[in-house]
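Mapped onto our numbering, the consecutive letters of the sequence shown carry residue numbers 10 to 220.
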Amino acid sequence: MKDNKLKSEVFAERLSQLIKEKDINLDVLAEITDLSAATISRYKNNKMVPKIPTVKVIADYFNVNPVWLLGYDEPKHKKVDGYQDFEEIPVLGSIAAGQPVLAEENIKRYEKVPSEKVKDGQYFYLEVSGDSMIGAGIYEGDLVLVKRQSDVNHKEIAVVMVNAHDATLKRVFKQNGNVILQPENKKYDPIFIKSKDARIIGKVVGLTRSF
């Protein structure tokens with residue numbers, strides 16, 4: 010590309026293309042990427058140019074090459090050779106209320122994961138604290154792999170923020186506009202809340218345990 014202005018125009022076009030292809034609402038994309046819908050709108054309308062880390066977050070969600078997304082003449086998708094590619098996934102010790110999910114202060118370290126496992130979205134690990142999910146085979150100290158999404162299906166295990174408190178790991182039951190956050194340990198009571206008071210952070214899609 011010849012200049013920054015042209016690159017920004019191509020970035021805006023390619024971002025708009027990806028949003029259309031995935032048929033995703035800007036509010037949903039904002040929730041997943043920890044950006045505001047207004048900011049994403051400015052990006053796609055070429056009113057603002059994102060910083061490189063933000064481009065990487067957006068590219069990871071759409072599973073495209075960030076260099077291509079930036080407007081360069083590169084392949085849309087990363088090349089795959091005979092070796093297994095890996096992604097570095099952040100490990101969070103907790104998710105504090107009032108902060109972006111992937112705020113630097115939440116990140117303890119990074120773990121390498123085969124790219125094939127995390128190719129279709131944005132992911133993070135959450136370090137499990139407590140024994141409320143042992144019935145699901147999830148123990149204290151385990152790392153659960155979480156895919157960022159703003160909703161889950163009935164009975165799926167998710168990371169949920171309740172009434173602006175720190176996030177919790179529970180099985181989600183949906184009932185008549187309400188949400189039941191069900192522990193997998195009889196020592197603990199379920200949490201009954203209105204759907205509007207439950208913010209789904211992501212769905213648990215895997216688990217890693219160190220021995």
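C-beta atoms are modelled at their ideal positions from N, C-alpha and C, and glycine is treated no differently.
Short Cβ contact (8 Å threshold) for residue i with residue j
{"i": "S103", "j": "D175", "result": "yes"}
{"i": "G80", "j": "K16", "result": "yes"}
{"i": "K65", "j": "N74", "result": "no"}
Integer-rounded CB distance, given that residue j should sit under 8 Å from residue i
{"i": "K203", "j": "P192", "result": "K203 to P192, Cβ: 19 Å. No contact."}
{"i": "P99", "j": "Y119", "result": "6 Å"}
Three-state class that DSSP yields for residue i in the structure shown
{"i": "E97", "result": "strand"}
{"i": "R218", "result": "coil"}
{"i": "E18", "result": "helix"}
{"i": "N115", "result": "helix"}
{"i": "V58", "result": "coil"}
{"i": "E120", "result": "strand"}
{"i": "V161", "result": "coil"}
{"i": "G144", "result": "helix"}
First and last residue of the uninterrupted beta strand (DSSP E) at residue i
{"i": "Y134", "result": "Y132 to E136"}
{"i": "A47", "result": "First-last for A47: A46 to K53, but that is the alpha helix (DSSP H), not the beta strand (DSSP E)."}
{"i": "V181", "result": "T177 to Q184"}
{"i": "A39", "result": "Counting along the chain, A39 falls outside any beta strand (DSSP E), though it belongs to the alpha helix (DSSP H) covering L35 to T42."}
Residue span of the alpha helix (DSSP H) that contains residue i, given as start and end
{"i": "V66", "result": "I61 to F71"}
{"i": "P75", "result": "P75 to L78"}
Same chain only: Cβ atoms within 6 Å of residue i, ignoring 5 sequence neighbours per side
{"i": "V58", "result": "S17"}
{"i": "V37", "result": "S159"}
The ligand GDP heavy atom lying under 7 Å from the CB of residue i
{"i": "N187", "result": "Inclusion of the ligand GDP in the displayed structure is not the case, the ligand content being empty and no account of it being possible."}
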